[in-house]
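For the sequence shown, numbering that gives the first Met the number 0 assigns the number 0 to the initial residue and increments by one for each residue that follows.
Beta carbons: idealized from backbone N, C-alpha and C, even for Gly.
None of the values given here were measured: they were computed from a predicted structure.
Remarks on the structure that follows.
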Amino acid sequence: MIREADNRIAAIDLNGNHIIRDCKAILVFLKKKLTEMKEFIQSEPFENDGEEIAFFKQYKPRVVAPLFYFHHILRIESQRPLGEEELDGYYEKQQEEQKMFFDRHVAFFQYYRSGATYMDNYYFLRGRHENTIDVDVCHLDDETEFSTGYDHLVARIMAMEMLYAFLSVRRNCLRDVVEGVPSELLK
Numbered sequence: 000m001i002r003e004a005d006n007r008i009a010a011i012d013l014n015g016n017h018i019i020r021d022c023k024a025i026l027v028f029l030k031k032k033l034t035e036m037k038e039f040i041q042s043e044p045f046e047n048d049g050e051e052i053a054f055f056k057q058y059k060p061r062v063v064a065p066l067f068y069f070h071h072i073l074r075i076e077s078q079r080p081l082g083e084e085e086l087d088g089y090y091e092k093q094q095e096e097q098k099m100f101f102d103r104h105v106a107f108f109q110y111y112r113s114g115a116t117y118m119d120n121y122y123f124l125r126g127r128h129e130n131t132i133d134v135d136v137c138h139l140d141d142e143t144e145f146s147t148g149y150d151h152l153v154a155r156i157m158a159m160e161m162l163y164a165f166l167s168v169r170r171n172c173l174r175d176v177v178e179g180v181p182s183e184l185l186k
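Laid out in structure tokens, this is it:
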């Protein structure tokens with residue numbers, strides 16, 4: 000499922016004239032893959048805690064992160080100003096939102112990016128959050144059999160990193176007034 004999603008994502012041209020249409024299409028595809036993943040997990044229980052941790056820390060976020068990413072691109076590109084002179088400021092404001100997200104989650108971001116595992120049992124096993132509430136992680140949804148809450152945070156971190164890079168390339172292209180930017184830059 001992840002490989003199939005990666006292949007579809009790699010084919011998207013974020014420089015193209017059809018970015019909004021392409022984002023909508025990939026969102027439908029990714030939601031379908033996520034539903035398939037959920038059905039698979041419900042039919043094939045994890046054999047041990049290690050499998051469950053790996054799924055919620057590594058595998059599920061690889062499908063959810065692009066879902067967040069393309070949703071943000073769809074929103075940003077749908078609402079972007081028409082005038083070229085306003086675009087850099089618009090993209091800069093979007094990047095500021097990404098920075099605020101990372102500032103809010105700096106401790107978890109450092110834990111995750113460092114490859115640490117000492118809190119994995121808490122973050123990535125279901126049913127471990129009964130007595131604590133993190134305001135940025137929803138443990139109260141009806142998807143408790145398919146989420147730890149922190150798997151969504153990992154996916155959001157991955158998506159925000161990709162989005163920050165996307166916006167950086169957009170801003171660099173605007174500043175340099177480069178024509179014919181290779182589409183590979185935004186894939």
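Item: Residue 67, DSSP secondary structure in three states; Value: helix
Item: Residue 138 versus residue 84 - alpha carbon distance; Value: In this predicted model, residue 138 has a pLDDT of only 43, less than 50, meaning its place in the structure is not dependable enough to derive any value.
Item: Cβ contact (3+ pairs, closer than 8 Å) linking the stretch 92 to 103 and the stretch 38 to 57; Value: no
Item: Backbone secondary structure at residue 104 - three-state DSSP; Value: coil
Item: Proximity of residue 24 and residue 154 at Cβ, strictly below 8 Å; Value: no
Item: Beta-carbon proximity check, residue 147 vs residue 125, cutoff 8 Å; Value: yes
Item: Under the three-state DSSP convention, the category residue 17 falls into; Value: coil
Item: Coil, strand or helix - residue 146 by DSSP; Value: coil
Item: Stretch-stretch touch, CB-based, cutoff 8 Å, three pairs: the stretch 154 to 163 with the stretch 100 to 111; Value: yes
Item: Anticipated Cβ contact below 8 Å, residue 19 with residue 77, distance rounded; Value: 6 Å
Item: Buried or exposed by the 16-neighbour rule on C-beta atoms within 10 Å, applied to residue 44; Value: exposed
Item: Spatial distance of residue 114 from residue 121 (CA atoms); Value: 15 Å
Item: Distance CB(residue 67)-CB(residue 158) smaller than 8 Å; Value: yes
Item: Local Cβ density within 10 Å of residue 152, reported as buried at 16 or more and exposed below that; Value: buried
Item: Own chain residues within Cβ distance below 7 Å of residue 7, not counting five before or after; Value: 25, 28
Item: Cα-Cα separation between residue 149 and residue 123, rounded to whole angstroms; Value: 7 Å
Item: Per-residue burial, residue 71 [other beta carbons within 10 Å of its own, 16 or more giving buried]; Value: buried
Item: Assigned exposure category for residue 62 - 16 Cβ within 10 Å defines buried; Value: buried
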